[in-house]
Each structure stands twice: as C-alpha cells, then as structure tokens.
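Residue numbers (the numbering used here): 424 to 986.
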C-alpha cells in the first residue's frame, strides 16, 4: 500500500517536472520563432553567412607614349592557418629564413602564435619567386595545412626609380602615398566589391555570390616621356654627385602647351619601397623646395620694365663700378662695371644695374608683374604638396625690399614656378599652367602676361646672355638658346647663409621655342655660380632633348643620346 502510494507520488512529481520541461522548451521555441525571431535569425546568418570585402584593381599609370609606369598585378599573400595550434616555432623559423623576415616582424608573429591566434599574416604580396619557395615549404609534411595563401593585388613599378616623385606609391593595403597615386586616388583606386559567402555546418563554403562587383580604377596617361625622364634624372644625379650637392630638380616643359615632359627631383627613391623611405627623400623638390631665385628673377624685372616702358633701348645706367649702397645695405657685382645698357644689365647679370631698373620701375608696377608671372601662388599642377612660395604684400615691403627683389631676394619660389615663368617667354608671352596629365586639349589655362613685341625683345636679350654673357656654358654650337643664370644664398634660421642654390632657366630653339628647361642645384660644394654649375647641366639635357625630339638633326656627335 505504502509502495503504491510512494510510486504514485514519484510519478506525479516526475510528471510535473516533465510538463515544466516541455513548457520551457515550447516557450523557448516560441520565443525564438516568434518573439525574438529577428535576433536569432541574425545570429544564424552570422554563423552561416559571411560578407567579404573585395579590393578593386588600381588603374594603370603610363607615360605619353603608353609606357607602363605603375600597374597592379595579382599576387599571393601567405598566412598561417593555425587552427589546431599545429605550427611549431621551429617551422616558423624556416619560413623566416626563406623570406628574410625582419626581427620586429618575427617577434610579432611569434607572439601571436603563442597567443593561439588562428590567422596570422606571414608576408603579403609575395613575388613570384617567394611564392614558389613558400608553396614548396607549405607542401612539406611538417608544415602541411598550416600555411595558406590568398590572392591580392600588388602594385608594381616596372621602371623602378624613374619618375618616383611624380608617381608616389601605395602602402600594403593599397592606400595612396604621395604623387599622382594620391592626387588622383579616387579615380585610380576604382570601387571595392562585396562577396556573400555561405558556410555549411562543417564550416565549408558551399556557395558564394557577388553583392557588388569590384570596379577597376581608371587608367592614367601622364604627359611625361619615360625616356626623357630617364636621361633628365641621370644628368641631374650626375651633377649632384659631381658637386656633392644636397640635391636638385629639373623641369622640362613643352613650350607651346605647358605639358610637363619630365620632372626630376634628387634624391629619389623606389616607389615599391615608399613606406621605408625617409621623409626628406620623399619631398619633390621641383614643386615643394622654396628658395630665393637670385639672378634668374631678373627676367621678371626686365619683363616688367619693358611692359611699363620705363627706359629707352640705348639708355645707360650707372653701375658704380660694382659697389652701391642702399640705406645701410651694400649691393655688389661679381664683375664690376661703370655703366651698362638695359640689355647688358641682364646679359652680364649686374645686381646694381637691376636695382637701378627697379628704382625707376617702382614697387607697385613690379609687384603686379610678379603676380602675373604666377609667383606667390601654386601653379595648380595636379600633384600633391606644391608650395605657394612667399611673396610679401606690397604694404609689407621695407625700404630695401624693392632693391633686393630686383635681383631675386626677399621672395621664395619653387623650381616649377620658375620653369612656368620662363615658359611665358617661350610661349609667346602667355602664362600656361603646367600640366602633368596627357590631354586632348592641353594648356587650357592661359593668360597673356607679355606683349609679343616685348617677348621677342627679351628673347633676344636672353639669347645674348647665353652667347656672350653669364650663360655661355649652356650654349650649344649651331643652336640658339635663350636663358639666364642664377646664384643665390640660402636662408637658414632666418638669415642668409654661406651656402648657395645654383640655377639656370632657358628655352630652345630661341626663335621657335619647343622646350623650356629649368635646372636647380641645391648647395653645390666648391663651384656654386649658376653659370658654372647649372648651365652645363642645362646644356647636357638640351643637347639630348634636341636629338631625341628630332628638333635639331645636325647636332654635333658629342651630344649623341644613349638611353
């Protein structure tokens, strides 16, 4: 009797627990399927669906003739798939030796292996040789299953260092780092895509579909000529080495349309290693190096004087035998003269003569001309980090500012600004914005700065400056070159130092200009005058350009181009 009663009691208790259990399950199912349906479905989808971000392929960059300068190629990236903590440190050391990984990278990966991380990059964007070596290691018994690969695009620069400051580079994740890669990044990088991946219960991919197809970036055609760029960089590097200079820049412009045919900056770097390049080397001296231009700026003074008709052609100026005082400041000439004509002041680069012209011209008129030639503002070339230069407002000029500006001091310019200014003369008197992109209608931004008559007159003066003046070492027999030398003290810690910038700007053929070239050498040692240092570089480049572009087929054999 007692046993039956106890059995019924036990059955009753179990039944209650059973019904409570059934109720809880039913409630849980109801909760999952009705009340929290959205939440639970999101969790299920998260476990079975995965959205993968897909990188787009960056557009190709080429020169004006289609020579490839930058291209994205499919490559393999190696990673550790350490699912079961199967990769030993001994095996990883083999990988390190194979890929010559740096100590910091080794330490980082070892720490992550010890932490039990399942996905660890070994090296991304392997070269073909590296991939074959790592693949062979990955197939060995002690490594099998622990190393895997994924496809990624690797940015390649086939010309190595050529045009490095124009091109810039990209980082490991394809982020733009300088040059045209940065200024046109939004167009070059294209648009990334999205891939929906479906995973089964065994964590295997059984289906995938594109949510958004990646879009390849736009191809860019630069105005530069890779062959011209090569020998311009070579001549600049030779000059920097010869004079043990801190660096330099050369700009070559198509005179008629303002397209940049070459732009060199020294020191240079390899774009594929841009993230390992020191910041000072990354600086494009052609458009971000600021300096007082010195006597090359007398061209701007002469242009202003001619436009404002301040003196007659045969008028003579007192040059005080090479020494002249302005208030408490002494102005000197390297070669003293008693008297010089307007033309000869420019031809022989007299500082005192320039001051006399400036005094007669006046600050307001001179300032207006300086602005018309593009100084004090960026040229607008489609490259990053271009400097404005420094041109003080007229009201900020001191009692000696006009005098010093007359021969290229108290103003800071870039080599590109000077190249654009010389190109005003070469283009027939128009300021044309320099262009680095190949266009069907180049040179769209033009403004007349100089009358045709004054442009011809100033061209005659600059041609004489090369044939019998300070620019003799830029001359090439049989070829008329118009140009001007420049030598200026550098400013360091707010004062003019005993270090110099040498420069030469010019164009050729003088009376039918095709090409404008500007050369700047920073801190040459020993010789430092523009006529001694920069003019010979101009000559070497001009000779090669004339032959290459077939503008002067009878060039003497000594100027034969070899690329």
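Using N, Cα and C, we set each Cβ at its ideal position, and we do this for glycine too.
Keep in mind the model is a prediction, meaning the values are calculated, not measured.
Could you tell me if residue i is buried or exposed, where buried requires 16 or more neighbouring beta carbons within 10 angstroms of its beta carbon?
i	result
residue 497	exposed
residue 934	exposed
residue 643	buried
residue 754	buried
residue 846	buried
residue 875	exposed
residue 719	buried
residue 588	buried
residue 661	exposed
residue 702	exposed
residue 758	exposed
Over the uninterrupted beta strand (DSSP E) stretch that includes residue i, give me the two end residues.
i	result
residue 912	905 to 915
residue 763	762 to 764
residue 939	938 to 945
residue 552	Premise fails: residue 552 lies in the alpha helix (DSSP H), 551 to 561, not in any beta strand (DSSP E).
residue 990	One cannot answer for residue 990 here, as it falls past the ends of the chain, which runs 424 to 986.
residue 753	752 to 755
residue 930	918 to 931
residue 673	670 to 677
residue 879	Unbroken run through residue 879 is the alpha helix (DSSP H), 875 to 890; no beta strand (DSSP E).
Out of curiosity, what's the CA-to-CA distance linking residue i and residue j?
i	j	result
residue 799	residue 534	53 angstroms
residue 772	residue 747	15 angstroms
residue 871	residue 658	33 angstroms
residue 684	residue 890	26 angstroms
residue 560	residue 597	28 angstroms
residue 737	residue 770	14 angstroms
residue 577	residue 688	25 angstroms
residue 716	residue 641	38 angstroms
residue 966	residue 734	36 angstroms
residue 448	residue 617	39 angstroms
residue 794	residue 610	33 angstroms
residue 671	residue 954	15 angstroms
residue 818	residue 740	28 angstroms
residue 973	residue 893	28 angstroms
residue 590	residue 904	31 angstroms
residue 877	residue 796	14 angstroms
residue 825	residue 951	25 angstroms
residue 908	residue 761	22 angstroms
residue 569	residue 495	28 angstroms
residue 958	residue 906	9 angstroms
residue 827	residue 484	44 angstroms
residue 809	residue 801	6 angstroms
residue 615	residue 584	29 angstroms
Quick one: residues in its chain with C-beta nearer than 6 angstroms to the C-beta of residue i, no 5 flanking neighbours on either side, listed in chain order?
i	result
residue 756	745, 773, 774, 775
residue 813	835
residue 651	684, 685
residue 987	Since the displayed the chain opens at 424 and closes at 986, residue 987 lies outside it and no answer follows.
residue 854	797, 847, 870, 872
residue 700	692
Sorted by chain position, which residues of the same chain lie with C-beta nearer than 7 angstroms to residue i's C-beta, five sequence neighbours on each side aside?
i	result
residue 936	678, 849, 930
residue 594	600, 698
residue 902	931, 932, 969, 975
residue 639	479, 480, 482, 613
Would you give the residue range spanned by the alpha helix (DSSP H) that residue i belongs to?
i	result
residue 861	It is not in any alpha helix (DSSP H) - residue 861 carries neither H nor E in the DSSP assignment.
residue 774	774 to 784
residue 741	Run containing residue 741: none in the alpha helix (DSSP H); it sits in the beta strand (DSSP E), 739 to 741.
residue 654	649 to 665
residue 839	838 to 849
If you drop the 5 nearest sequence neighbours on each side, which residues of the same chain put their C-beta closer than 8 angstroms to that of residue i?
i	result
residue 980	Only weak support exists for where residue 980 lies, its pLDDT of 47 falling under 50; the value from the coordinates is given anyway. Correct list: empty, nothing qualifies.
For the structure I just gave you, are there three or more beta carbon pairs, one from the stretch 698 to 711 and one from the stretch 884 to 902, closer than 8 angstroms? Output reads no: the stretch 884 to 902 does not touch the stretch 698 to 711.
Using 8 angstroms as the threshold, is the stretch 518 to 527 in touch with the stretch 546 to 560, meaning 3 or more CB pairs across them? Yes, the stretch 518 to 527 is in contact with the stretch 546 to 560.
Between the stretch 693 to 700 and the stretch 577 to 596, can you find at least three pairs of beta-carbon atoms closer than 8 angstroms? With three or more CB-CB distances shorter than 8 angstroms, the stretch 577 to 596 counts as touching the stretch 693 to 700.
Any chance the stretch 543 to 553 sits against the stretch 476 to 484, with 3 or more Cβ pairs inside 8 angstroms? Fewer than three pairs of CB atoms, one per stretch, sit closer than 8 angstroms, so the stretch 543 to 553 makes no contact with the stretch 476 to 484.
Measuring CB atoms only, is the stretch 911 to 920 touching the stretch 838 to 854, in the sense that at least three cross pairs come out at less than 8 angstroms? These segments do not touch.
Inter-stretch contact at 8 angstroms, needing at least 3 Cβ pairs: the stretch 942 to 950 / the stretch 653 to 667: Of all C-beta pairs linking the stretch 942 to 950 to the stretch 653 to 667, three or more are shorter than 8 angstroms, placing the two stretches in contact.
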